[in-house]
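The sequence shown begins at 1 in full-length UniProt numbering and counts up by one.
Note sheet for the following structure.
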Amino acid sequence: MNFTELLAAARAHPQAVSVPADWAQGRAVFGGLMAAMLHEAMRLKLADERPVRSLAITFVGPAEPEVPISLEVEVLREGKAVSTLLGRAVQNGKVVTLVQGSFGAGRPSVVAVEALPAAPLKLLGQSAPELPFIKGVTPEFMRHVALRWAVGGLPFSGNESRQMGGWVRLRDIAEAPAEAAHVLALVDAWPPSLLPHLKHPAAGSTLTWTIEFIQPAPALSTLDWCRYVVETEHARDGYGHAAAALWTAEGQLVALSRQTVTVFA
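So, in structure tokens, the structure goes:
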């Protein structure tokens with residue numbers, strides 16, 4: 001199943017979604033997909049089309065591929081402009097992913113502040129070649145996502161740059177307007193920002209993730225390349241704190257992201 005089919009399954013059968021093993025990230029389902037499926041289930045509970053403004057995500061435990069997952073959503077409050085929802089992904093009776101979402105309609109305001117310019121990147125043609133999917137080396141879900149490094153180093157390269165990033169897009173998907181669920185996959189496709197600092201392979205994962213979506217969303221296709229840059233702000237005792245952003249290829253801001261990551265080295 002490709003990304004579009006899994007999102008459709010989350011909407012059609014939220015009580016029992018089984019994710020194929022080719023969407024695994026180590027022993028768990030790819031976190032970006034878990035967040036995207038919960039986002040789709042949350043949207044079903046909204047009374048109108050108010051867009052998502054922010055999601056606060058906690059990966060409580062690993063969600064196993066090939067095992068049914070129940071997507072449970074509770075509407076905490078639905079106001080005139082803002083709806084607050086709580087989503088849980090439950091597997092084998094245990095919560096594996098928790099998402100608190102804020103969905104808000106726009107309102108007239110005298111405040112308007114433009115986004116900062118996009119981080120400079122090497123052009124696509126000057127960036128590293130597309131990272132290939134290598135069975136047993138790269139995570140299984142990487143067969144569905146394309147990355148091209150333009151800033152910092154690859155995981156386990158011993159590169160101590162605070163920044164990492166480049167170009168990203170989805171593979172194996174039909175062209176359509178990109179929505180918030182696709183943005184979740186694009187942002188979380190990148191490895192934890194601490195991994196390039198290591199010289200030998202070690203496990204690393206996201207513990208908590210907050211992502212804010214720019215509205216109105218810039219025009220973006222599911223096949224478009226996007227720019228991504230993350231900066232590690234602090235790391236110690238096996239935990240790191242990083243801030244990132246995603247832009248269109250033309251430099252329009254799409255989303256702002258913060259993560260607390262863990263590394264077992």
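Ideal Cβ positions, reconstructed from N, Cα and C, are used throughout, including at glycine.
Keep in mind the model is a prediction, meaning the values are calculated, not measured.
Looking only at its chain, what residues have a beta carbon closer than 6 Å to the beta carbon of residue i, apart from the 5 residues adjacent to it on each side?
i    : result
E140 : D22 and A24
G240 : L194, T232 and V261
A35  : I57 and L184
P65  : V19, A21, A24 and V29
W209 : I57 and Q259
S257 : V187, I211 and A244
Measure from the C-beta of residue i to each C-beta in chain B and report whether the shortest distance is under 9 Å.
i   : result
P51 : Protein chain content of the structure displayed is limited to a single chain, and chain B is not contained in it.
CB-CB under 8 Å to residue i, same chain, minus the five flanking residues each way: which ones, in chain order?
i    : result
R107 : A81
R171 : R143, H144, V145 and A146
A176 : T4, S221 and T222
G251 : P117, A118 and R227
Taking the straight line between their C-alpha atoms, what separation do you get for residue i and residue j?
i           : j    : result
R227        : S54  : 20 Å
A150        : L121 : 6 Å
E5          : N92  : 23 Å
A203        : F213 : 29 Å
A28         : S109 : 43 Å
V67         : A10  : 14 Å
L124        : R148 : 8 Å
S127        : I211 : 26 Å
K45         : V96  : 21 Å
L186        : R169 : 6 Å
P62         : M1   : 20 Å
H234        : R43  : 34 Å
A12         : A89  : 15 Å
S157        : P201 : 9 Å
L86         : V113 : 30 Å
S205        : R236 : 15 Å
L71         : L207 : 19 Å
residue 349 : V111 : Missing from the structure shown is residue 349; the chain here goes from 1 to 265 and no further.
Return the first residue and the last residue of the alpha helix (DSSP H) that residue i is part of.
i    : result
H144 : First-last for H144: undefined, no H or E at that position.
T138 : Premise fails: T138 is in no alpha helix (DSSP H) and is neither H nor E.
D188 : A180 to D188
A176 : No alpha helix (DSSP H) holds A176; DSSP gives it neither H nor E.
E5   : F3 to A12
Grab the span of the beta strand (DSSP E) containing residue i for me, first residue to last.
i    : result
T208 : G204 to F213
M164 : Q163 to L170
R27  : No beta strand (DSSP E) contains R27, which DSSP labels as neither H nor E.
Report the partner residues of residue i according to the DSSP bridge assignment.
i    : result
R227 : W167 and W247
L98  : T58 and R88
I69  : V17
L256 : E212 and A245
W149 : G166
T232 : A242
T262 : S205 and Y239
F103 : V52 and S83
R77  : T84
A221 : For the record, residue 221 in the displayed sequence is Ser; it is not Ala. Its beta-bridge partners are P177.
Considering only residues of the same chain and omitting the five flanking positions on each side of residue i, which have a CB-CB separation below 7 Å?
i           : result
W247        : A118, C226, R227, L253 and V254
residue 275 : The structure shown does not extend to residue 275, since the chain spans only 1 to 265, so no value can be given for it.
S102        : R53, S54, V82 and T84
V60         : V95, V96, T97 and L98
For this session: Give a yes or no on contact between the stretch 192-206 and the stretch 5-21, applying the rule of three or more CB pairs nearer than 8 Å.
Result: No, the stretch 192-206 is not in contact with the stretch 5-21.
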